[in-house]
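Just below is one structure, and these are the notes that go with it.
In our numbering, the protein residues as written are -2 to 490.
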């Protein structure tokens, strides 16, 4: 199973691509730049979806669905928005096919040209705000707290499974408010929801911050983000939340009657995470043996592998396995009993190691005699013999799963700390990015020109202005001009 999996230290990119395929998460499709998410990979995404959906609804949001197609004229209504997405748009120009007269196949019917071209949604601000115009008349209609689970298309030339594909799955929240403060509070709240999900469920520590003007979402006044660190020293933007000001309200004439009897434009936000989180999950935790999944997102938390010779032994083991499974299911643990007779136990061990199942139970005739089971942890690759009479099996397993979840987070947290470095000179900055990578904390003079020059010279971008940064005077690492505080630079996905 994991035999021949490339080592991270030798070729991280190849290791990632091979792991995604061998662990049955996803594969390239017949459509260039698009992927097929396989059942095992999709089951992880479903667990992510389910938990995020709970968190969205707990903060007052409701799900809705808006069209896949957006009239081209909508995109031109918000200037910076269209400029930001114009080069990534897929455009529908015709609505019918016909057989070629020479019998060569199917062609586009030139008579079926659309009066106005349609854009396959790269994001939904425009079509949603055109709808909000019909939904909002008075302050009584606010706030609107809407989320959409959907697919989007952004035309990509260089693609990588989960990290960057032409079509991907995501959620996008779009809210409308009566005041700027309400909208800003919403923006920050959703960034915090994403951070909580990343740390508590994905076991991925994140830095919360603001994007620079250069890195801001097209059409937003302010963008907040969570940034994660991968094992190769590159950062990954794991989620963004945007304060839209009144930009889209003005573009689509969305006004409301105030309590005082006036008429004002509403204030907006949008926020989203995508299947890119799958890439973050893989690259933050996995090792040269395969996936390492945090128990809270693992489709199978525990697998029981019987070790037997003959049907009689299997039958006896099955009875005990079913007892264990019933006890675990009562406390909400997902468990699988793999009694396939087509593969040997060693092959199964390797398969579940590759797929990142957090905890494996081996159960054989000797275990039945002794009243024990063998427990193997995926995170540490350690084993222990557990006496079933010593404590309830459900207590032991739930305790171990919590330990594994915490252990995976702590390992990722310690790694991030080890590759987060403060620098004060340009030479040190360049050398660190080249030799070590990770987050480089450095002073920046606040100008877009300096930001662009540093990116040009080093390929590093400002990942965020950390929300918890100390306001301290210093000098820019590149220009030597005055700086109000440090920012995080990194090479990134």
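Ideal Cβ placement from N, Cα and C applies to all residues, glycine included.
This one's a predicted model, so the numbers in the text were calculated from it and none came from an experiment.
Report task. Given a cut-off of 7 Å, decide if residue 272 and residue 426 are closer than it, judged by their beta-carbon atoms. Result -> no
Query raised in the report: Whose C-beta lies closer than 8 Å to the C-beta of residue 14 among residues of the same chain, with five residues either side of it excluded?
Result: 157 and 158
Report task. Just list the alpha helix (DSSP H) runs in the stretch 250 to 326, keeping only unbroken ones of 4 residues or longer that don't cross its boundaries, in chain order. Result -> 273 to 282
Query raised in the report: How close, in whole Å, do the beta carbons of residue 488 and residue 296 come, if the pair is a contact with beta carbons under 8 Å?
Result: Wrong, their Cβ atoms sit about 32 Å apart, outside the cutoff.
Query raised in the report: Would DSSP call residue 110 helix, strand or coil?
Result: strand
Query raised in the report: residue 88 to residue 416, Cα distance in whole Å?
Result: 43 Å
Query raised in the report: Do you know how far the Cα of residue 195 is from the Cα of residue 7?
Result: 28 Å
Query raised in the report: Can you tell which of 360, 236, 390 and 486 has the C-alpha that lies nearest to the C-alpha of residue 327?
Result: 390
Query raised in the report: When we look at the beta-carbon of residue 454 and count the other beta-carbons within 10 Å, is it buried (16 or more) or exposed?
Result: exposed
Requested in this report: May I have the straight-line CA-CA distance separating residue 285 from residue 22, to the nearest angstrom?
Outcome: 16 Å
Query raised in the report: Looking only at C-alpha atoms, which of 111, 29, 98 and 183 sits nearest to residue 141?
Result: 183
**Report entry** Simplified DSSP assignment, three categories, for residue 94
**Finding:** strand
Query - Beta-ladder partner(s) of residue 141, from DSSP - result: 173
Requested in this report: Can you tell me which of the three DSSP states residue 470 falls into?
Outcome: coil
Report task. In angstroms with no decimal places, state the Cα-to-Cα distance between residue 67 and residue 83. Result -> 13 Å
Report task. Just the C-alpha distance for residue 77 and residue 398, rounded to the nearest angstrom, thanks. Result -> 47 Å
Report task. Can you grab the Cα-Cα spacing for the pair residue 333 / residue 428, in whole Å? Result -> 49 Å
Requested in this report: Report the three-state DSSP secondary structure of residue 349 (helix, strand or coil).
Outcome: helix
Requested in this report: Name the two residues that bound the continuous alpha helix (DSSP H) containing residue 425.
Outcome: 423 to 432
Report task. Would you tell me roughly how many angstroms separate the C-alpha atoms of residue 321 and residue 408, rounded to the nearest one? Result -> 30 Å
Query raised in the report: Touching or not, the stretch 378 to 390 and the stretch 255 to 267, by the rule of three or more beta carbon pairs under 8 Å?
Result: no
Query raised in the report: Cα-Cα, which of 174, 456 and 480 is closest to residue 421?
Result: 480
Query raised in the report: Quick check: the stretch 275 to 289 against the stretch 219 to 234, are there 3 or more CB pairs under 8 Å?
Result: yes
Query raised in the report: In chain order, which continuous runs of the beta strand (DSSP E) of length 3 or greater are located wholly inside the stretch 212 to 243?
Result: 219 to 226 and 232 to 242
Query raised in the report: Among the residues of its own chain, which have a CB less than 8 Å from the CB of residue 423, if the five just before and after it don't count?
Result: 474 and 475
Query - DSSP state of residue 38 mapped onto helix, strand, coil - result: helix
Requested in this report: Please report the Cβ distance between residue 370 and residue 385, rounded to the nearest whole angstrom; I am assuming they are in contact, meaning their Cβ atoms lie under 8 Å.
Outcome: 7 Å
Requested in this report: Would you mind reading off the limits of the alpha helix (DSSP H) that contains residue 159?
Outcome: It is not in any alpha helix (DSSP H) - residue 159 carries neither H nor E in the DSSP assignment.
Query raised in the report: Who are the Cβ neighbours of residue 213 in its own chain at under 6 Å, not counting the five residues just before and after it?
Result: 220
Query raised in the report: Which residues in the same chain have their Cβ closer than 7 Å to the Cβ of residue 293, if we skip the five residues on either side of it in sequence?
Result: 198 and 402
Query raised in the report: Closest by CA to residue 404, which one among 28, 382 and 378?
Result: 378
**Report entry** Beta-carbon proximity list for residue 342, same chain, < 8 Å, skipping 5 on both sides
**Finding:** 302, 303, 304 and 359
Query raised in the report: DSSP state of residue 58, grouped into three classes?
Result: coil
Requested in this report: Could you tell me whether the stretch 163 to 171 touches the stretch 117 to 137, where touching means 3 or more Cβ pairs closer than 8 Å?
Outcome: yes
Report task. Have a look at 225, 190 and 227 and flag the residue whose alpha-carbon is nearest the alpha-carbon of residue 238. Result -> 190
Query - Proximity winner among 211, 46, 10 and 92, relative to residue 147 (alpha-carbon distances) - result: 46
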